[in-house]
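As structure tokens, the structure follows; a few thoughts come after it.
Take a look at the structure:
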């Protein structure tokens, strides 16, 4: 082999290597542009921010306007909780020209399939090599929470104030928002809503507030105790009690009352905050001897008397006080 031929082969190998390196570099630049600077990168970074509970970063990436309201669930644990069920996220550029793009994020949230479109605009280049993008400005959606009579709720595991009439909370999307309430006196089961887009009204969370099970049990017990005391009165007209027996004859001996059916009493809280007794009906039996005024004959009287309890219920500390009236 001549020296000229050997040199040619070395040069050809070198040129081929340079070409491969250029192709590899071009591919690497394309990947960097797509994953670090392309429109998909902005959306992916936004999803990472909300899943990490980084509300400030998410807000900056979204270029969002924050409407008036309580920002209690826009950061930290409540935000992580909102994004906790997001999984299987896939990103696709569904529209693109030189200066604008639309990225669709498809995912599962709260065990359901969903998608969100993000509009982006080109902002320039980085280092003269990579095109940079930003998400178009939007206004965050607003979630309204109402909790009659409580003045508070737990929203995504954070205690929040809820004045009469409800409270508005700006929220990030996509996300699941859950509210409930629990105290010694009152409780409300959890209600949830899923937010996936910024331009659609968010279903409000309306808490169905009711007395706690502890209070319900207490009301039933107090009603039962007071009715039991009513049966100890030796009279046809027990004072402060919901039952009596009209009789115009002569009673011979003691009057004995017994409760044959205790009310399945409970309580509810009206929209004005007042407490009301529910399931107040029951029945009692009265037994006594009557004497015929003409003949002096004595006979037994045994009658069932249906009654309805009327009572005042007032909160006192971590319980309520029931007073028959």
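Numbering (the working numbering), first residue to last: -4 to 320.
Note that CB positions come from ideal geometry on N, CA and C, so glycine has one too.
In this text, all values refer to a predicted model and were calculated from it rather than measured experimentally.
Since residue 261 contacts residue 274 with CB under 8 Å, what's their CB separation in whole angstroms?
Their Cβ separation, rounded to whole angstroms, is 6 Å, which keeps residue 261 and residue 274 in contact under 8 Å.
Could you tell me the alpha carbon to alpha carbon distance between residue 244 and residue 291, rounded to whole angstroms?
When rounded, the distance between both Cα atoms is 12 Å.
What does residue 165 pair with, by DSSP beta-bridge criteria?
According to DSSP, which records beta bridges pairwise, residue 165 is partnered with 137.
Three-state secondary structure (DSSP) at residue 202?
In the structure shown, residue 202 sits in coil (DSSP, three-state: anything other than H, G, I, E or B).
Any idea what DSSP makes of residue 176, helix, strand or coil?
Note: residue 176 maps to strand in three-state DSSP.
What does a CB cutoff of less than 6 Å around residue 309 pick up in its chain, not counting 5 residues either side in sequence?
Its chain contains 316 as the residues whose beta carbon lies nearer than 6 Å to that of residue 309, once the 5 sequence neighbours on both sides are disregarded; these appear in chain order.
Taking all protein chains shown into account, do 16 or more other C-beta atoms lie within 10 angstroms of the C-beta of residue 19, making it buried, or fewer, making it exposed?
Confidence at residue 19 is low in this model, with a pLDDT of 41, below 50, so its placement is unreliable and the value that follows should be read with caution. Exposed.
Within the chosen definition, does the segment 142 to 152 reach the segment 189 to 209 through at least 3 CB pairs nearer than 8 Å?
Flag = yes, the segment 142 to 152 and the segment 189 to 209 touch.
Could you say which of 276, 131 and 76 lies nearest to residue 95 if we only look at CA atoms?
The residue with the shortest Cα to Cα distance from residue 95 is 131.
Separation of residue 218 from residue 264, as counted between CA atoms:
Cα to Cα, the separation comes out at about 17 Å.
Leaving out the 5 sequence neighbours to the left and right, which residues in its chain are closer than 8 Å to residue 210 when beta-carbon positions are compared?
Contacts found: 179, 180, 181, 262, 314 and 315.
For the segment 44 to 89, list the alpha helix (DSSP H) runs that are entirely contained and at least 4 residues long, ordered along the chain.
Runs of alpha helix (DSSP H) with 4 or more residues, each lying fully within the segment 44 to 89, are found at 50 to 57 and 71 to 78, listed in chain order.
Count the C-beta pairs between the segment 223 to 232 and the segment 160 to 174 that are closer than 8 Å, then say yes if the count reaches three, no if not.
The way I'd put it, the segment 223 to 232 doesn't touch the segment 160 to 174; fewer than three beta-carbon pairs between them come closer than 8 Å.
With which residues is residue 318 paired in a DSSP beta bridge?
The beta-bridge partner set that DSSP reports for residue 318 consists of 307.
Residue span of the alpha helix (DSSP H) that contains residue 220, given as start and end:
208 to 225 is the extent of the alpha helix (DSSP H) around residue 220.
Nearest-angstrom beta carbon gap, residue 68 and residue 166 [assumed within contact, 8 Å]:
The pair is a contact, with the Cβ atoms about 6 Å apart (cut-off 8 Å).
Would you identify the three-state DSSP class for residue 42, choosing helix, strand or coil?
Looking at residue 42 - three-state DSSP - the assignment turns out to be helix.
State the start and end residues of the unbroken beta strand (DSSP E) segment that holds residue 142.
Where residue 142 is concerned, there is no enclosing beta strand (DSSP E), given that its DSSP letter is neither H nor E.
Who are residue 113's beta bridge partners in DSSP?
Beta-bridge pairing links residue 113 to 98.
Endpoints, beta strand (DSSP E) assigned at residue 278
Run containing residue 278: 276 to 286, per the beta strand (DSSP E) assignment.
Report the CB separation of residue 255 from residue 276 in whole angstroms; it is logged as a contact under 8 Å.
Between residue 255 and residue 276, the beta carbon gap of about 12 Å keeps them out of contact (Cβ cut-off 8 Å).
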